[in-house]
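For reference, the structure discussed in these notes is given below.
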Amino acid sequence: MTVQAPLLSPEHIAMIDKGVSAIVASRNAAHRPSLMRAVGAGISADGGEITVYLSRSQSRQLLQDVAATGQLAVVFSEPLSHRTVQVKARAAQLRAADDSDLPCLRRYLASMEHEVACVGFDAAFVRAMLACSLQDMVAIRFAPSEAYDQTPGPRAGSALPAA
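Residue numbers (my numbering): 25 to 187.
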């Protein structure tokens, strides 16, 4: 049995784990894109599983596309440094968010309040931007199958070396 090397380095896992801006995208069968800002995100300690959270009422097309194709891409970016990583998946799974997701969502909100404050916006702005009731929230869980450096500069778009 061949063991695949992790796609994400400990530094990338830590960046995603602390809670940074996350934009989720997919496409339909005609390759028409859909995207939405995540209202939360979490990652397993080894980087092998990521969960992003979306507002069902604001992400209908994106959720339909992920349900139909299983494919998605997520860009995680630190607002102050613009350090950015993109991950892609081929077999994403959707489920309703529930109370067990609340610790992750609270941690994400607190981190985003800090991250966005670093570029001059207060916590009220972040709370409004990420406002979503748990009843309206959908969790998308996936194992990253590809990872790319998307930090602006000469390496943008290059595949991340195996960790």
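Glycine included, each C-beta is placed from N, C-alpha and C at the ideal position. Since we're looking at a predicted model, the values are computed, not measured.
Contact under 8 Å by Cβ, A113 with F149: In the sequence shown, counting from the first residue as 1, residue 113 sits at position 89. In the sequence shown, counting from the first residue as 1, residue 149 sits at position 125. With contacts defined as CB atoms closer than 8 Å, A113 and F149 fail to qualify as a contacting pair.
Reference A102; option with closest CA among L184, G94, L31, H36: Taking the sequence shown and counting its residues from 1, the one referred to as residue 102 is at position 78. According to the sequence displayed, residue 102 carries Glu and not Ala. Comparing Cα-Cα distances from E102 to each of L184, G94, L31, H36, the minimum goes to H36.
8 Å CB neighbourhood of Q174 in its chain, flanking five on each side removed: Within the sequence shown, the letter at position 150 stands for residue 174. Taken in chain order, the residues that qualify are V99, S101, T108, V109, Q110, A180, G181.
Simplified DSSP assignment, three categories, for P168: Position 144 of the sequence shown, counting from 1, holds the residue named residue 168. Annotated three-state conformation of P168 is coil, per DSSP.
Extent of the continuous alpha helix (DSSP H) to which A141 belongs: For the purposes of this step, residue 141 is taken as residue 117 along the sequence shown, with counting starting at 1. Counted as a single uninterrupted DSSP element, the alpha helix (DSSP H) harbouring A141 occupies residues 126-141.
Alpha-carbon to alpha-carbon, L96 and E121: Numbered from 1 along the sequence shown, position 97 holds the residue referred to as residue 121. Numbered from 1 along the sequence shown, position 72 holds the residue referred to as residue 96. The residue you asked about is not Glu; residue 121 is Ala in the sequence shown. Their backbone Cα atoms lie some 18 Å apart in a straight line.
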